Structure formats: C-alpha cells, structure tokens
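**Q**
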Amino acid sequence: MTLSVDIRHSFGDFTLDVRFEAPPGLTVLFGRSGSGKSTVINAVAGLLAPDEGLITVEGETLLDRARGIDLAPHRRGLGYIFQEGRLFPHMTVRQNLLFSRWFRKGTRSDFSDVVEMLGIGALLDRRPGALSGGEKQRVAIGRALLGDPRIILADEPLAALDEPRKAEILPYFERLRDEVSVPILYVSHSATEVARLATTVVTLENGRVTGQGPASGILGDPMLTPLGARAAGAVLVTTVARHHDDGLTELNAGGIAMFVPRVAQGVGQPLRIRIAAQEVILSRQQPEGLSALNILPGTVERLRAGAGPGALVSVITPAGTILARVTQRSARALRLAEGVTCYAIVKSVAIAPEDVGGADRLSTAP
Amino acid sequence: MGWLGPQEWEAVALSLRVSFWATLVSLPLGIFVAHALARWSFPGKQVLNGLVHLPLILPPVVTGYLLLLTFGTKGPIGSLLQDMGIVLAFRWTGAALAAGVMGFPLMVRAIRLSIEAVDPKLEQAASTLGASRIWVFATVTLPLILPGIIAGSILGFAKAMGEFGATITFVSNIPGETRTVPSAIYAFLQVPGGETSAMRLVLVSVLVAMGALLMSEWLARKAAKRMSG
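Just so you know, the protein sequences line up as chains A and B, in that order. Per our numbering, residue 6 is the first one in the first sequence, and the count goes up by one each step. Per our numbering, residue 76 is the first one in the second sequence, and the count goes up by one each step.
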C-alpha cells in the first residue's frame, strides 16, 4: 500500500504545494506549526478540499480535481487519530471502539486482539469523560484501527499529552508500525517522535516539501530539520547486549558498547536511540578519568558553522554518524577539521528515556 | 380535575390538544431549520433567521392577521388546502397552526443553541469512521442535542398553551373549537361572576408555565453535563 499525495492549496497569503509518496511503514510529516502539515493530512482524510491535486491510495483515487473526483470522508476507508482524541462523549468506550462497524461491512480485525494490544480491556464500559488523557488516546487508536483502514492518519496524537503520558503512548505507535501492515501518515513537530517512529520522514516548511528520506538522514542534517540545529541529533541503530544490575542497559552499537538507562527490550532485540547534538562533547585525546560512560572514537566528517556562535560537527564512528553541537570557539581551539580524529563523549543519563525506542522491523530489515 | 367546571375543563383539554399537535408537527421542521441555521451557510440565511424570529417581535395580532390572509379560505395557501378538503380558519387545527407559529422561534432557538454546542470535530471524526452525513446526524449530533430538543419542545409547548393574540385573530373564540385557556380567561372576564372561573384557569396557566421553565432549566443542565462527557 502506498499513499501518493500531490496537492496545491491556498488560503490567505499561505500557499501549500506538496508532493510526496508514503511507502509502507510509518511516514512522519515533520515541520513546525504553520508549515501546512495538518492541511495535508486533512486533505488526505477528505475534511478539506484542496484547490487542485491528486491523492491516490494503491491506485485508487481519493481525490482528482482535474477529473472532478472528491470522495467523501466516509467513503475513503481511512482511520484518523486526532490530537484531542475526539471520542464520542455519549457512548461507552466499547461503543466508541465499535462505531465504524455500523457502517463498514466485512471487517477483519479482531476486537479482543485490539483491546488487548492497547490494554483497554478494563475501560470498555466507561464513558470517555472518566478516562485520563493517555487512556483516551489509546481508545482513539483502537477506534481507528477497528475500522480496518487502508491508511492510518495521526495528527500530532501526542501533542496534547504531558511527558509521562507521551512515554506511555509512544510504544503503542511503535507496535502499530511493526504489527499492523497498514501505512501510517503521522504529523509531528517533535524530533523525538521522528527518531523513534519514522520509517520515512517528509519535512515541510512554509507549505513546501524540503526533504524526504529515512529518519537518521533527515535528523542528522540541520539543513533539513525544520526546527534547525537545536533539534538535530543522531539516530543510532543498536542491539541490546545485556542488562546490568546497576540499572543500566548495555547496547551494541556497531561493535562499541554503549550504556543507557535500563530499557524494557530483551537481549538481542534491535533498538533505535537518538543522541541530541547538544548533549555530545568532543575531545581530541582519549579522555581519562571522566564520568561519562560512552566514549566513541571517530573522524570528523564535516563541520558546519551556524549563524550564531555554534557549529555542528558530524563525526563518523563505528556506531554510526554522531552529531555534536559545539561553539565555533571550541572548534578553533581543538583545530577540528575534516578528517581529524576525535572522541565523541555522551553521558548515559543524557540519553532521555523517550529517545530510546523499541524494536523496529522495517528500518532494520536488510 | 373535579375542581374545574365543564367549560373550564373544555378549555384546558382543548389547549392541551392544540399545544400537543402544534409542538409535534413543528418539531421536525424546527430541528431542520435549527440545523440549517447552526451548521450550513447558504444565501438568504439571514432572511430565514429573520422569518423564524418574526413572530417573537411582531404584535401577535399582526401574526394572526397575516395567518388569516395566507391560510384563510380566500388566502393563497388556505384556498389550496380547501380544495384538498382541509380548512384551518375558525377550526382547532387553525389554533394549532397559530400556536405552532408563535412557539417556533423559541423552539428553534433552544435547539440551535444545543447544536452549536456540539463540537463539529466530533462529527468530522464520525465521518472518517465511515458514517455518511445522515448517519453522523443520527448517531452523534441527535443524541447529543436530545436535551436541547426536549427543552425546545417544552418551551414551544408552553408558549402554545399561552398563545392568545394570534389565535383569537386567526380562528376567533369559539367555545369547544377554538376557545383555548387564554381565550376562555378573556371570555370569563367579560361576563359578571366569571372571575372565579378565570382565576382557576390563571392558576392552571401559572402551573404549566412554571413547570415548563423548571423542566427546561433542568434539561439544559443535563445537556451541559452530557457534552462535557
């Protein structure tokens, strides 16, 4: 299943001109607010009619302005997970979950499987008003899933939640990506969500697509990251090596041992971690007597000076390319330049738990 | 109701019948108009809004006279209906029409407010789950506005119970046919010794009006609770 979008729309002095393809897996539409992300996802859902364009899912046309085709939302066969859940307040959780079954015949997904996957069995007879924010969002995911959609749309589904609730919901989207064979189009402005979830990233800026590719490529390039150097960071693909008694998990990153706060994944499972560029320290000598546990030897690949006092250094290490945000003054003092060997230092505790993601079959598949 | 005399009872029973039919027949139209005013944009929306509210602002005698001109046996619609064997002028059905028209603005207003309180995002969510427009209305909008519909019906019913000016102008004051409670009170006050009968009917009117107001307040609170989940 592939979603193909090619639309133009203008309102006021904002014009949207977007063209991209979402292959199977989870595609994140990544951009700051006002970049046109929600317009795109609503056009796919049929809640907004763009001025012109073409939207197809696996050959079936949802919208073709030139031929006058504009399928009503209820005929598009999609599942939409909204930012605010939008559960029906006058129905129980069970009625919410089964809502689409009144209208869509020949559905396949198993009710109890979905309920079990999302851990909402105890909530079925409650009303949405009696649920927490995280519970509401889990029910909203289930409701979209039980409609057996051809594509799942999610519009900043975590943005309305506080940090602990985000950490609660993120794993469900990982499971959705890995266990449900439906492509997901996911709107976000969070680098963390991109790093953990994206199979493909499409970056949007001022209504235009500025880049498209795998998460590590986009997040590693400050020119492509819509949020700039502040959100830049490396995404490393590792496997869990062992769990230590002192609360740390040892990861194997290209032969190098890295330590992160304890994760839930079992030994041998693949794990993506994001290392924010501003948490990385560079050293020319092998550091000694340092409290940081993760020291990665490497070679400077590129040095990019920013507009302010900062510079972004990419370092090729056996674990993958690491990004470090340092001052230009330090870069001069260390005589950092292309080809120079150095050490990238990362504190274990600086790797935030929400940046440590679960197994990811699609992006680690050969 | 042993304490009401036969004439008084006749007026109360007639008023109940007139108000019941006035409310029942105008309700589907009221929901439709309220939905159109709350949710759709179309040319002439303000004109429709004005027309709906006109009976609230016009002197009731004017409304009654306009009804007579339109629905009287010589009026454009009245003559058409007469050909079909339906006569409204000077009949209880005409009283129901007058009561329905006068109660319509109150009914539409209450329902419209409750529709506007429904988050359109919920209706969008229902449409992405496969519900067509009609099903969205039946499964999401209608259950959420039910308290508003009931409140609007109660207000319309109470207004119909109290309607006097338009009714007496359109269908006169015929005992047993068009003499509703207000017309009966007026008639009793015209004859010596009628004050006690009038007083009893006044009591009935006050009870109906108070009951309707309390009930619609209660339903409005219930609606607010339902909306917030």
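Every residue gets a Cβ at the ideal spot worked out from N, C-alpha and C, and that includes glycine. Nothing here was measured: the structure is a model prediction, and the numbers come from that model.
(1) Taking Met-263 of chain A as part of the beta strand (DSSP E), name the residues at either end of that continuous run.
(2) Using C-beta distances below 6 Å, list every residue in its chain close to Gln-270 of chain A, excluding the 5 sequence neighbours before and after it, in chain order.
(3) Between which two residues does the alpha helix (DSSP H) holding Ile-190 of chain B run?
(4) Compare the C-alpha of Leu-79 of chain B against each of B:Trp-167, B:Glu-238, B:Met-274 and name the closest.
(5) Helix, strand or coil: how does DSSP classify Arg-24 of chain A here?
(6) Does chain A have any CB closer than 8 Å to the CB of Leu-294 of chain B?
(7) How is the beta strand (DSSP E) around Arg-277 of chain A delimited, first residue to last?
(8) Keeping to the same chain, check which residues put their C-beta closer than 8 Å to that of Leu-38 of chain B; ignore five residues upstream and five downstream.
(9) Using only the alpha-carbon positions, how far apart do Ala-88 of chain B and Glu-121 of chain A sit?
(10) If you draw a straight line from the C-alpha of Pro-371 of chain A to the C-alpha of Gly-30 of chain A, how long is it?
(11) Indicate the three-state DSSP secondary structure (helix, strand or coil) for Asn-47 of chain A in the structure shown.
(12) Quick one: complete alpha helix (DSSP H) runs, 4+ long, within the stretch 281-338 of chain A?
(13) Determine, using beta carbons only, whether Ala-235 of chain B and Ala-109 of chain B come nearer to each other than 8 Å.
(14) Go ahead and label Trp-314 of chain B buried or exposed: buried means 16 or more other beta carbons lie within 10 angstroms of its beta carbon, across all protein chains shown.
(15) Would a check of beta-carbon distances place Ala-364 of chain A closer than 8 Å to chain B?
(16) Please confirm if the stretch 202-222 of chain B is in contact with the stretch 79-90 of chain A, defined as three or more CB-CB distances below 8 Å between the two stretches.
(17) Mind checking whether Ile-356 of chain A and Ile-261 of chain A have CB atoms under 8 Å apart?
(18) Could one say the Cβ of Gly-139 of chain B lies closer than 8 Å to chain A's Cβ atoms, at least one of them?
(19) Around the Cβ of Met-6 of chain A, are there at least 16 other Cβ atoms within 10 angstroms (buried) or fewer (exposed)?
(20) Mind listing the chain B neighbours of Phe-108 of chain A? Cutoff is C-beta to C-beta under 8 Å, in chain order.
(21) Is there a Cβ from chain A that is less than 8 Å from the Cβ of Lys-196 of chain B?
(22) Which word fits Lys-141 of chain A, buried or exposed, when buried means at least 16 other C-beta atoms lie within 10 angstroms of its C-beta?
(23) Could you pull out every residue in the same chain whose Cβ sits closer than 6 Å to the Cβ of Leu-68 of chain A, ignoring the five residues on either side in sequence?
(24) With DSSP as the reference, identify every bridge partner of Gln-217 of chain A, one or two as the case may be.
(25) Shortest alpha-carbon distance to Val-215 of chain B belongs to which of B:Pro-257, B:Ala-201, B:Trp-115, B:Tyr-140?
(26) Buried or exposed: where does Arg-72 of chain A fall if 16 or more other Cβ atoms within 10 Å of its Cβ makes it buried?
(27) Is any beta-carbon of chain A found at less than 8 Å from that of Ala-192 of chain B?
(28) Around the C-beta of Ile-229 of chain B, are 16 or more other C-beta atoms found within 10 angstroms, so that it is buried, or is it exposed?
(29) Determine whether the Cβ of Ser-9 of chain A lies closer than 8 Å to any Cβ atom of chain B.
(30) For chain B, is any of its Cβ atoms less than 8 Å away from the one on Pro-78 of chain A?
(31) Do Val-199 of chain A and Ser-193 of chain A have their C-beta atoms within less than 8 Å of each other?
(32) Just the C-alpha distance for Asp-18 of chain A and Val-49 of chain A, rounded to the nearest angstrom, thanks.
(33) Closer than 8 Å by C-beta to Thr-369 of chain A: which residues in its own chain qualify, once you throw out the five before and the five after it? Chain order, please.
(34) Here's a check: name, in chain order, each residue in its chain whose Cβ is nearer than 8 Å to the Cβ of Val-183 of chain B, leaving out the five neighbours to either side.
(35) At what residues does the beta strand (DSSP E) containing Asp-69 of chain A begin and finish?
(36) Would Arg-148 of chain A pass as an interface residue toward chain B - the criterion being a Cβ-Cβ separation below 8 Å?
**A** Reading it off the structure:
(1) Numbered from its first residue, the first sequence carries residue 263 of chain A at position 258. Following the DSSP letters along the chain, one finds Met-263 of chain A inside the beta strand (DSSP E) bounded by residues 261-266.
(2) Position 265 of the first sequence, counted from the first residue, corresponds to residue 270 of chain A. The beta carbon of Gln-270 of chain A is closer than 6 Å to those of Val-245, Leu-276 in its chain, skipping five residues each way along the sequence.
(3) Indexing the second sequence from 1 puts residue 190 of chain B at position 115. Note, Ile-190 of chain B: alpha helix (DSSP H), 167-191.
(4) Along the second sequence, read from residue 1 onward, the residue named residue 79 of chain B stands at position 4. For Leu-79 of chain B, the closest of B:Trp-167, B:Glu-238, B:Met-274 by C-alpha to C-alpha distance is B:Met-274.
(5) Here residue 24 of chain A refers to the residue found at position 19 when the first sequence is read from its first residue. Note: Arg-24 of chain A maps to strand in three-state DSSP.
(6) In the second sequence, counting from the first residue as 1, residue 294 of chain B sits at position 219. For Leu-294 of chain B, the answer is no, since every Cβ of chain A falls outside 8 Å of its Cβ.
(7) Residue numbering aside, residue 277 of chain A sits at position 272 when the first sequence is read from its first letter. It spans 275-281 - the beta strand (DSSP E) in which Arg-277 of chain A sits, taken as one unbroken run.
(8) Here chain B has residues from 76 to 304 only, and residue 38 of chain B is not among them.
(9) Position 13 of the second sequence holds residue 88 of chain B. Position 116 of the first sequence holds residue 121 of chain A. The C-alpha of Glu-121 of chain A is placed about 59 Å away from the C-alpha of Ala-88 of chain B.
(10) Position 366 of the first sequence, counted from the start, is the residue given in the question as residue 371 of chain A. Position 25 of the first sequence, counted from the start, is the residue given in the question as residue 30 of chain A. With a pLDDT of only 32 at Pro-371 of chain A, under 50, the local geometry of the prediction cannot be trusted, and the value read off the model is given with reservation. Between the alpha carbons of Pro-371 of chain A and Gly-30 of chain A lies a distance of about 15 Å.
(11) Position 42 of the first sequence, counted from the first residue, corresponds to residue 47 of chain A. Three-state result, Asn-47 of chain A: helix.
(12) Unbroken alpha helix (DSSP H) runs of no fewer than 4 residues, entirely contained in the stretch 281-338 of chain A, are found at 333-338, following chain order.
(13) As a working mapping, residue 235 of chain B is identified with position 160 in the second sequence. As a working mapping, residue 109 of chain B is identified with position 34 in the second sequence. At the C-beta level, Ala-235 of chain B and Ala-109 of chain B stay beyond 8 Å of one another.
(14) This structure cannot settle anything about residue 314 of chain B, because the visible part of chain B is limited to 76 through 304.
(15) Locating residue 364 of chain A in the first sequence gives position 359, counting from the first residue. Its pLDDT being 47, under 50, Ala-364 of chain A is placed unreliably in this model, and the coordinates cannot settle the point.
(16) Result yes; three or more Cβ-Cβ pairs closer than 8 Å.
(17) Along the first sequence, read from residue 1 onward, the residue named residue 356 of chain A stands at position 351. Along the first sequence, read from residue 1 onward, the residue named residue 261 of chain A stands at position 256. It is not a contact, given that the beta carbons lie outside the stated cut-off.
(18) Here residue 139 of chain B refers to the residue found at position 64 when the second sequence is read from its first residue. It does not; no Cβ of chain A falls within 8 Å.
(19) Mapped onto the first sequence, residue 6 of chain A falls at position 1. Under a 10 Å Cβ-count criterion, Met-6 of chain A is classified as exposed, with fewer than 16 other Cβ atoms of the shown protein chains found around its own Cβ.
(20) Translated into positions along the first sequence, residue 108 of chain A becomes position 103. Taking the beta carbon of Phe-108 of chain A as reference, the chain B residues within 8 Å of it are Leu-204, Gly-205, Ala-206, Ser-207, Trp-210, listed in sequence order.
(21) Within the second sequence, numbered from 1, the residue matching residue 196 of chain B stands at position 121. By this cut-off, Lys-196 of chain B is an interface position.
(22) Within the first sequence, the letter at position 136 stands for residue 141 of chain A. Lys-141 of chain A comes out buried.
(23) The residue given as residue 68 of chain A occupies position 63 in the first sequence. Contacts found: Ile-60, Asp-75.
(24) The residue given as residue 217 of chain A occupies position 212 in the first sequence. DSSP lists A:Val-207 as partners of Gln-217 of chain A.
(25) What you label residue 215 of chain B is simply residue 140 of the second sequence in a count that begins at 1. Among B:Pro-257, B:Ala-201, B:Trp-115, B:Tyr-140, the Cα nearest to that of Val-215 of chain B is on B:Ala-201.
(26) For the purposes of this step, residue 72 of chain A is identified with residue 67 of the first sequence, where counting begins at 1. Looking at its Cβ environment, which holds fewer than 16 other Cβ atoms inside 10 Å, Arg-72 of chain A is exposed.
(27) The sequence position of residue 192 of chain B within the second sequence is 117, counting from 1. In terms of beta-carbon proximity, Ala-192 of chain B stays away from the interface with chain A, with every pair separated by 8 Å or more.
(28) For this step, residue 229 of chain B is matched to residue 154 along the second sequence. By the 10 Å Cβ count, Ile-229 of chain B comes out buried.
(29) By one-based count along the first sequence, residue 9 of chain A stands at place 4. With respect to chain B, the C-beta atom of Ser-9 of chain A has no partner C-beta closer than 8 Å.
(30) On the first sequence, residue 78 of chain A is found 73 positions in, with the first residue counted as 1. The beta-carbon of Pro-78 of chain A is placed less than 8 Å from the nearest beta-carbon of chain B.
(31) Residue mapping note: residue 199 of chain A aligns to position 194 of the first sequence, counting from 1. Residue mapping note: residue 193 of chain A aligns to position 188 of the first sequence, counting from 1. A contact, by the Cβ cut-off of 8 Å.
(32) Start at 1 with the first residue of the first sequence, and residue 18 of chain A comes out as number 13. Start at 1 with the first residue of the first sequence, and residue 49 of chain A comes out as number 44. Going by the C-alpha atoms only, they are around 22 Å apart.
(33) For the purposes of this step, residue 369 of chain A is identified with residue 364 of the first sequence, where counting begins at 1. At Thr-369 of chain A the pLDDT is 36, less than 50, meaning the model places this residue with poor confidence; the figure from the coordinates comes in the next sentence. Same-chain partners within the cutoff: Val-242, Pro-275.
(34) If you number the second sequence from 1, residue 183 of chain B lands on position 108. Correct list, in chain order: Gly-105, Val-108, Ala-109, Leu-112, Val-127, Gly-227.
(35) Numbered from its first residue, the first sequence carries residue 69 of chain A at position 64. First-last of the beta strand (DSSP E) with Asp-69 of chain A: 65-69.
(36) As a first step, residue 148 of chain A must be located in the first sequence, where it is residue number 143. It does: the Cβ of Arg-148 of chain A has a partner Cβ on chain B nearer than 8 Å.
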